[in-house]
Amino acid sequence: MRLEQKYFYPFMGVCAAISLVLILFGTFHYQDRQHQRFTEHLATIDFDTLRFDFANGSNELHLRELRGKPIVIDFWSTWSDMSMSNHNHLQRIKNQYPELEVVAVAVRDSRELVQDYVEEQSYPFYFVIGTGFYEAVQVPGLPSQLMIDRNLKLFDKQIGIGVSELEEKLMSLIRDE
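Our numbering applies: residue 31 is where the sequence shown begins, and numbers increase by one.
Dropping the structure here:
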């Protein structure tokens, strides 16, 4: 079967449009499944027993040590400019609300890179290593945050860099008594 030349470009246009629709559908479906798996895995986490190694190699941070305070667990990496710029926003909020504890969980980075970054910054956060936890709960992207209430229960979560949305969620977390 041979396609006449006058039909070739319209045919290719239709093929391209169908391909684009299939790619978009697959992408959105994949993202939805990732978010669903993330939510399912979070439901199984006992934050009272959660612990991380400090980025500087000294001791461990047990989340239960922060009980009674609102906590944001911030997943970040040195190769993600968006997640590192998010630290500025978290610092501003922490300066306004010192009771908020920020646990900055470095993922998929060498300890040396993380230590270098931490030494260059003056953020009042707990910098820890957490690739294992990040992978266990299947966090769908960076930056991402988990908001933990004063009783060490999951309050909310955020995936991506929505600064105003994150601030609203953190204000709700801080005011939640």
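C-beta: ideal position from N, C-alpha, C; glycine also.
Residues of its chain near residue i, where Cβ-Cβ distance is below 6 Å and the 5 sequence neighbours each way are ignored
i, result
"residue 200", "123"
"residue 81", "90 and 92"
Minimum C-alpha distance to residue i - residue among the options
i, options, result
"residue 94", "180, 168 and 194", "180"
"residue 132", "175, 39 and 205", "175"
"residue 79", "158, 97, 198 and 134", "97"
"residue 77", "102, 54, 66 and 62", "102"
"residue 202", "191, 193 and 185", "185"
Simplified DSSP assignment, three categories, for residue i
i, result
"residue 32", "coil"
Contacting residues, own chain, Cβ-Cβ under 8 Å from residue i (five flanking each side not counted)
i, result
"residue 169", "68, 105, 137 and 189"
"residue 195", "188"
"residue 41", "33"
"residue 193", "116 and 119"
Beta carbon proximity, residue i to chain B, threshold 7 Å
i, result
"residue 125", "The chain labelled as chain B is not found in the depicted structure, where only one protein chain is given."
Cβ neighbours of residue i in the same chain (closer than 7 Å, five flanking residues each side left out)
i, result
"residue 107", "113, 136, 137, 138, 139 and 172"
"residue 85", "136, 141, 144, 145, 148, 157, 158 and 159"
Within 7 Å, strictly: CB atoms of residue i and residue j
i, j, result
"residue 204", "residue 127", "yes"
"residue 167", "residue 65", "no"
"residue 130", "residue 100", "yes"
"residue 153", "residue 117", "yes"
"residue 209", "residue 134", "Since the displayed the chain opens at 31 and closes at 207, residue 209 lies outside it and no answer follows."
Cβ-heavy atom distance, residue i to the ligand SAH, below 6 Å
i, result
"residue 34", "As presented, the structure is devoid of all ligands, the ligand SAH included, so that no description of it is given."
#### Entry: Minimum length 3: unbroken beta strand (DSSP E) runs contained in the stretch 59-145
With a minimum length of 3 residues, the continuous beta strand (DSSP E) runs that stay inside the stretch 59-145 are 81-84, 90-92, 101-106 and 131-136.
### Query
Which whole runs of the beta strand (DSSP E) in the stretch 153-191 are 3 residues long or more, in chain order?
List check, beta strand (DSSP E) in window: 156-159, 174-178 and 184-189.
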